[in-house]
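As structure tokens, the structure follows; a few thoughts come after it.
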Amino acid sequence: MTDATLAELCIFAASEAFRGNGEIIATGVGPIPRLGASLAKLTHSPELMMTDGEAYLVEQPVPLGPRQYEDRKKAGYLPFSRFFASAVWTGRRHAMVTPTQIDRFGQINLSRLGGTHQHPKTQMLGVRGFPGNTIYHPNSFFFPQHSTRVFVSGEVDMISGVGYNPARRVPGGNYSGVDLRRVITNLCVIDFGGTDHAMRVISLHPGVNFEMVQAATGFALERLENLPETALPDADDLAVIAAMDPHGVRAGVFKDNPPARPAA
Amino acid sequence: MTVTKGTLDKRMSAAEIVAQLSDGMTLGIGGWGPRRKPMALVREILRSDLKDLTVVAYGGADVGMLCAAGKVRKLVFAFVSLDAIPLEPWFRKAREAGAIEVLELDEGMFQWGLKAAAFGLPFLPTRVGLGTDLAELGGLRTVTSPYADGETLIAMPALKLDAALIHVNRSDWRGNVQLFGADTYYDEWFAKAAAKTYVSCEELVDRIEDHYPDDAQAQAFERCFVTGVVEIPCGAHPSSMPPAYGWDSKAFKAYADAARDPGDWNAVSDRFVGASEAAYLETFGGKEAVAALPLPIF
Chain A
0 MTDATLAELC
10 IFAASEAFRG
20 NGEIIATGVG
30 PIPRLGASLA
40 KLTHSPELMM
50 TDGEAYLVEQ
60 PVPLGPRQYE
70 DRKKAGYLPF
80 SRFFASAVWT
90 GRRHAMVTPT
100 QIDRFGQINL
110 SRLGGTHQHP
120 KTQMLGVRGF
130 PGNTIYHPNS
140 FFFPQHSTRV
150 FVSGEVDMIS
160 GVGYNPARRV
170 PGGNYSGVDL
180 RRVITNLCVI
190 DFGGTDHAMR
200 VISLHPGVNF
210 EMVQAATGFA
220 LERLENLPET
230 ALPDADDLAV
240 IAAMDPHGVR
250 AGVFKDNPPA
260 RPAA
Chain B
0 MTVTKGTLDK
10 RMSAAEIVAQ
20 LSDGMTLGIG
30 GWGPRRKPMA
40 LVREILRSDL
50 KDLTVVAYGG
60 ADVGMLCAAG
70 KVRKLVFAFV
80 SLDAIPLEPW
90 FRKAREAGAI
100 EVLELDEGMF
110 QWGLKAAAFG
120 LPFLPTRVGL
130 GTDLAELGGL
140 RTVTSPYADG
150 ETLIAMPALK
160 LDAALIHVNR
170 SDWRGNVQLF
180 GADTYYDEWF
190 AKAAAKTYVS
200 CEELVDRIED
210 HYPDDAQAQA
220 FERCFVTGVV
230 EIPCGAHPSS
240 MPPAYGWDSK
250 AFKAYADAAR
260 DPGDWNAVSD
270 RFVGASEAAY
280 LETFGGKEAV
290 AALPLPIF
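Read top to bottom, the protein sequences are chains A and B.
If you use numbering that gives the first Met the number 0, the first sequence corresponds to residues 0 to 263, in order.
If you use numbering that gives the first Met the number 0, the second sequence corresponds to residues 0 to 297, in order.
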């Protein structure tokens, strides 16, 4: 019996996505994915490799938030100038990120919303490294607000990351590296184990039913027949999470920092 | 042996460097987002009449300012971001006004294009871009492997630069540069992809071997890739220049806020560009204040 928060449940679910990945770079962008990768490395998957978020590899994951610049202990070197040659284009990485949109094919968008490419309604970051990440190495996603604005009907406004859409696959291309693993949201955990890699709900967070998830999704979801409850972190996991987030950044991920198990 | 005195003296002023650039040029800018940007040279462009540029950059405030000032005809980019302020507000404004033409690329494809240019190749093959909208939007073509695998690949075209601007930690008069900090990003490849590379530096010396011979391994690209060099301490401000100084969060915030209010670059360009580099630096507390900016924590 633990009194984990929803944020901590999501961190624990994120850590499970990195289980048994081998000696690859675990990249978690944003507090929940990053704490998930750190928790994985510090508990069940010490073989994972991580950076300090800048240029150095660390064997002791770097805590979130303010600290002294030299606090991190450098164990290796992986600057951006080597990143494609060492991590991305060799497939030795698993990234968990938060795009702005995802569609039923697992195609993701971080670039723009609405309008045209020449004249977008809303300009966002740009595709960044998503096209390369998604064709070369495993990827997972975290969405703090499961809604039809994120899980869109049809296709995303601009395809920044490769999915499993046969219509978008240029014949003769090698898509063997496309490997979408997990989607973690405030409601559930999803994998791509459905028909033709369709998204499939594999667990529901406490107090959530499948109909709630489907209603917040712009396309039909598949599901495990008997949906388990998403596992909660135990006291040891919570202690690791607390140590990796000494300033409590995780408490600000969801409004009012709700408990994992809603009050009855 | 004849030594022609002075032929390797590549010193120029910032204004002389900008005078070497011309309207319509393709200009590469080194650094990455809010880091290691040759901002003093960018400000010198902003003080000039230069226009219709094609800018090739891992974009930060360099891209935002040049877009805001109407200097950019076309942008080649993978992202434009100030990190702590994820969406570069002036870039965003220019995009949402439909004001600039773009070639949007993946971060890895981008450096691949610089490498193709550096090696004088028309393109380099890659899987990156397949299965996304990049190829169609960017007019990128495919090639077929001539070997047994027959794989279809994207032909990433060379990103040939007419000129590149890079800010480095040290240089000598001859363009022997030294780059420090945890990461120098793709500065080496900007330098090699460009017909001419102009370098600003925190510290300039006459003969680097007389001053810093032990740091020769920090020469990220050789002096044959350097056309001109100018000493501009704090020349990356408000971006970071490790290990000398971090980025200026307050300056970035003021710059970002100005995109909303008043939202008109002409009304605020004095603050963020200044009539001269000295005047600009004074606005932000001078060299001492810049030297005191902490390195960012990630």
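Every residue gets a Cβ at the ideal spot worked out from N, C-alpha and C, and that includes glycine.
What residue range is occupied by the uninterrupted alpha helix (DSSP H) comprising Tyr146 of chain B? Counting along the chain, Tyr146 of chain B sits inside no alpha helix (DSSP H), nor does DSSP assign it H or E at all.
Could you please tell me which residues of the segment 187 to 215 of chain B, in chain order, have their CB closer than 8 Å to any CB of chain A? Under the 8 Å Cβ criterion, the segment 187 to 215 of chain B contributes Glu187.
In chain order, which continuous runs of the alpha helix (DSSP H) of length 4 or greater are located wholly inside the segment 155 to 214 of chain A? DSSP runs (the alpha helix (DSSP H)) wholly in the segment 155 to 214 of chain A: 209 to 214.
What are the partner residues of Glu202 of chain B, as DSSP defines its beta bridges? According to DSSP, Glu202 of chain B shares a beta bridge with B:Arg169.
Under 6 Å Cβ to Cβ from Arg260 of chain A, same chain only, skipping five residues before and after it: list those, please. Closer than 6 Å at Cβ, skipping near neighbours: Pro205.
Under a CB-based cut-off of 9 Å, is Phe129 of chain A close to chain B? Output row for Phe129 of chain A: interface = yes.
Are Phe218 of chain A and Ser152 of chain A closer than 9 Å when you measure CB to CB? Yes, the pair counts as a contact, with Cβ atoms nearer than the cut-off.
Between the C-alpha atoms of Gly112 of chain B and Ala163 of chain B, what's the straight-line distance to the nearest angstrom? Approximately 14 Å between the Cα atoms of the pair.
Under a Cβ-count criterion, where at least 16 other Cβ atoms within 10 Å of its own Cβ denotes burial, should Gln67 of chain A be classed as buried or exposed? With fewer than 16 other Cβ atoms within 10 Å, it is exposed.
Considering only the alpha carbon of each residue, which of B:Ala67, B:Phe109 and B:Leu129 lies closest to Phe76 of chain B? Checked all of B:Ala67, B:Phe109 and B:Leu129; the closest Cα to Phe76 of chain B is B:Phe109.
Using the Cβ count rule (16 or more neighbours within 10 Å means buried), how would you classify Pro242 of chain B? Pro242 of chain B sits exposed, since fewer than 16 C-beta atoms from the chains shown fall within 10 Å of its C-beta.
Please identify, using Cβ separations under 7 Å, the residues of the segment 70 to 89 of chain B that lie next to chain A, in order along the chain. Of all residues in the segment 70 to 89 of chain B, only Phe76, Ala77, Phe78, Val79, Ser80, Pro85 and Leu86 come within less than 7 Å of chain A when Cβ atoms are compared, listed by chain position.
In terms of residues, what are the limits of the beta strand (DSSP E) holding Gly27 of chain B? Counting along the chain, the beta strand (DSSP E) containing Gly27 of chain B begins and ends at Thr25 to Ile28.
Between the alpha carbons of Met38 of chain B and Val204 of chain B, how many angstroms are there, rounded? If you take the alpha carbons of Met38 of chain B and Val204 of chain B, they lie about 21 Å apart.
Length of the line joining the Cα atoms of Leu102 of chain B and Pro85 of chain B: Rounded to whole angstroms, Leu102 of chain B to Pro85 of chain B spans 20 Å at the Cα level.
Spatial distance of Arg168 of chain A from Cys187 of chain A (CA atoms): Arg168 of chain A and Cys187 of chain A: Cα-Cα distance of roughly 29 Å.
Of all Cβ atoms in chain A, is any one closer than 9 Å to the Cβ of Tyr184 of chain B? Taking Cβ atoms only, chain A reaches closer than 9 Å to Tyr184 of chain B, which makes this a yes.
Beta-carbon within less than 8 Å of Leu112 of chain A's beta-carbon, same chain only, minus the 5 sequence neighbours each way: which residues are those? Once the five neighbours on either side are set aside, the close Cβ partners of Leu112 of chain A are Thr99, Gln100, Pro119, Lys120, Thr121, Met123 and Asp156.
Does any heavy atom of the ligand COA sit closer than 8 Å to the C-beta of Met48 of chain A? In terms of ligand content, the structure shown is empty, and the ligand COA therefore cannot be addressed.
Euclidean distance between Cα positions of Asp255 of chain A and Val161 of chain A: Cα-Cα distance, rounded: 35 Å.
Can you check whether the C-beta of Ala116 of chain B is within less than 9 Å of a C-beta belonging to chain A? Chain A, which has no Cβ nearer than 9 Å to the Cβ of Ala116 of chain B, makes this no.
Helix, strand or coil for Val54 of chain B per DSSP? Correct three-state label for Val54 of chain B: strand.
Tyr197 of chain B to Ile16 of chain B, Cα distance in whole Å? In a straight line, the C-alpha of Tyr197 of chain B is about 7 Å away from that of Ile16 of chain B.
Quick one: residues in its chain with C-beta nearer than 6 Å to the C-beta of Tyr254 of chain B, no 5 flanking neighbours on either side, listed in chain order? Taken in chain order, the residues that qualify are Phe271.
Residue closest to Ala181 of chain B, alpha-carbon to alpha-carbon, out of B:Phe297, B:Thr143 and B:Val267: Comparing Cα positions, the closest option is B:Phe297.
Proximal chain A residues relative to Val127 of chain B, where beta-carbon distance stays under 7 Å: The answer, in chain order, is Pro130, Gly131 and Ile134.
Residue range of the alpha helix (DSSP H) that includes Ser238 of chain B: Segment: none, Ser238 of chain B is in no alpha helix (DSSP H) and carries neither H nor E.
Status (buried if at least 16 other CB within 10 Å, exposed otherwise) for Ala3 of chain A: So Ala3 of chain A counts as buried.
is_contact[Asn138 of chain A, chain B] using C-beta, thresh 9 Å: For Asn138 of chain A, the answer is no, since every Cβ of chain B falls outside 9 Å of its Cβ.
Below 8 Å, can you find three or more Cβ-Cβ pairs linking the segment 21 to 33 of chain B to the segment 225 to 236 of chain A? Flag = no, the segment 21 to 33 of chain B and the segment 225 to 236 of chain A do not touch.
Just to confirm before moving on: does the CB-CB distance between Phe129 of chain A and Ile183 of chain A stay below 9 Å? No, Cβ-Cβ distance for Phe129 of chain A and Ile183 of chain A is not below 9 Å.
Assuming Thr151 of chain B is part of the beta strand (DSSP E), what are its boundary residues? Thr151 of chain B -> beta strand (DSSP E) spans Thr151 to Pro156.
Between the Cα of Phe209 of chain A and those of A:Leu226, A:Ala197, A:Thr194 and A:His246, spot the shortest distance and give me the residue it belongs to. In terms of CA proximity to Phe209 of chain A, A:Leu226 leads the group A:Leu226, A:Ala197, A:Thr194 and A:His246.
According to DSSP, is Trp89 of chain B helix, strand or coil? For Trp89 of chain B, the secondary structure class from DSSP, reduced to helix, strand or coil, is helix.
Between His93 of chain A and His43 of chain A, which are expected to be in contact by the criterion C-beta below 8 Å, what is the C-beta distance as a whole number of angstroms? With a beta-carbon spacing of about 14 Å, His93 of chain A and His43 of chain A fall beyond the 8 Å limit used to define contacts.
Where does Arg111 of chain A fall in DSSP's three states? Strand.
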